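Undergrad:
In mature numbering (1 follows the signal peptide of the UniProt record, and there is no 0), the protein residues as written are -24 to -1, 1 to 130.
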């Protein structure tokens, strides 16, 4: 015998196995993100004055993160050419790493990681140091009236 149990923010599908045993599993999440989440994020970062990439779908983000084709180790010389991206032809080249957190908006953020300890051609005199910048994100909280509540975080 199958039956559904509805609670304020959850639905469970249950099977009566015997007089003593019932097996229940969640059917789906009844809570949704608010429709204005992208607008809220843009307002949060409008004073940021940096040029971060726009929020991209996961597939487009993965394509932009194709820095691994240029390698993850430090090259011996600087690459050049018309079709070589900036991250590959720098004296301190970098690669992109994907940071994914499903409880954050945006859920996927690209982070640059240096490929070299020292600048190419510097004979070990100049170090490659990462530059970091905190950005504002929205962190998912509790569900209220069918909508997730989001709050500012860095």
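Note that the Cβ used here is the ideal one computed from N, Cα and C, for glycine as well.
On a predicted model such as this, the values are computed, not experimentally measured, just so you know.
Buried or exposed: where does residue 113 fall if 16 or more other Cβ atoms within 10 Å of its Cβ makes it buried?
TA: As a working note, residue 113 is residue 137 in the chain shown. Per the 10 Å Cβ criterion, buried.
Undergrad: Assuming residue 7 contacts residue 102 (C-beta within less than 8 Å), just tell me the rounded distance between them.
TA: The residue you call residue 7 lines up with position 31 of the chain shown. The residue you call residue 102 lines up with position 126 of the chain shown. Actually they are not in contact, since the Cβ atoms of residue 7 and residue 102 sit about 51 Å apart, beyond 8 Å.
Undergrad: For residue 81, is the classification buried or exposed, using 16 other Cβ atoms within 10 angstroms of its Cβ as the cut-off for buried?
TA: One-based indexing of the chain shown puts residue 81 at position 105. Answer is buried; the Cβ neighbour count reaches 16.
Undergrad: Taking the alpha-carbon of residue 49 as reference, which of 111, 128, 64 has the nearest alpha-carbon?
TA: Your numbering for residue 49 matches position 73 in the chain shown. Ranking 111, 128, 64 by Cα distance to residue 49 puts 64 first.
Undergrad: Taking the Cβ atom as the reference point for each residue, do residue 106 and residue 91 lie within a distance shorter than 8 Å?
TA: Indexing the chain shown from 1 puts residue 106 at position 130. Indexing the chain shown from 1 puts residue 91 at position 115. No.
Undergrad: If you measure between the beta carbons of residue 71 and residue 89, is that distance less than 8 Å?
TA: Here residue 71 refers to the residue found at position 95 when the chain shown is read from its first residue. Here residue 89 refers to the residue found at position 113 when the chain shown is read from its first residue. In this structure, residue 89 lies closer than 8 Å to residue 71 by Cβ.
Undergrad: Indicate whether residue 120 and residue 96 have their beta-carbon atoms separated by less than 8 Å.
TA: Residue numbering aside, residue 120 sits at position 144 when the chain shown is read from its first letter. Residue numbering aside, residue 96 sits at position 120 when the chain shown is read from its first letter. Going by C-beta atoms, residue 120 is not nearer than 8 Å to residue 96.
Undergrad: Exposed or buried, what is residue 126 when buried is set at 16 or more other beta-carbons lying within 10 Å of its beta-carbon?
TA: Mapped onto the chain shown, residue 126 falls at position 150. Label assigned to residue 126: buried.
Undergrad: Determine the extent of the alpha helix (DSSP H) in which residue 15 is found, giving its start and end residues.
TA: The residue you call residue 15 lines up with position 39 of the chain shown. Here the alpha helix (DSSP H) through residue 15 covers 13 to 20.
Undergrad: Report the rounded CA-to-CA distance for residue 76 versus residue 12, giving the unit in angstroms.
TA: One-based indexing of the chain shown puts residue 76 at position 100. One-based indexing of the chain shown puts residue 12 at position 36. The alpha-carbon atoms of residue 76 and residue 12 are separated by roughly 21 Å.
Undergrad: What three-state label does DSSP hand residue -4 in the structure shown?
TA: To locate residue -4, count along the chain shown from 1; it is residue 21. Note: residue -4 maps to coil in three-state DSSP.
Undergrad: Residue 72 lies in the beta strand (DSSP E); which residues open and close that run?
TA: Counting from 1 along the chain shown, the entry for residue 72 is found at position 96. Its beta strand (DSSP E) spans residues 70 to 76.
Undergrad: Assuming residue 84 is part of the beta strand (DSSP E), what are its boundary residues?
TA: On the chain shown, position 108 is the one that residue 84 refers to. Note, residue 84: beta strand (DSSP E), 84 to 90.
Undergrad: Quick check: residue 20 and residue 128, are their CB atoms within less than 8 Å of each other?
TA: On the chain shown, position 44 is the one that residue 20 refers to. On the chain shown, position 152 is the one that residue 128 refers to. Going by C-beta atoms, residue 20 is nearer than 8 Å to residue 128.
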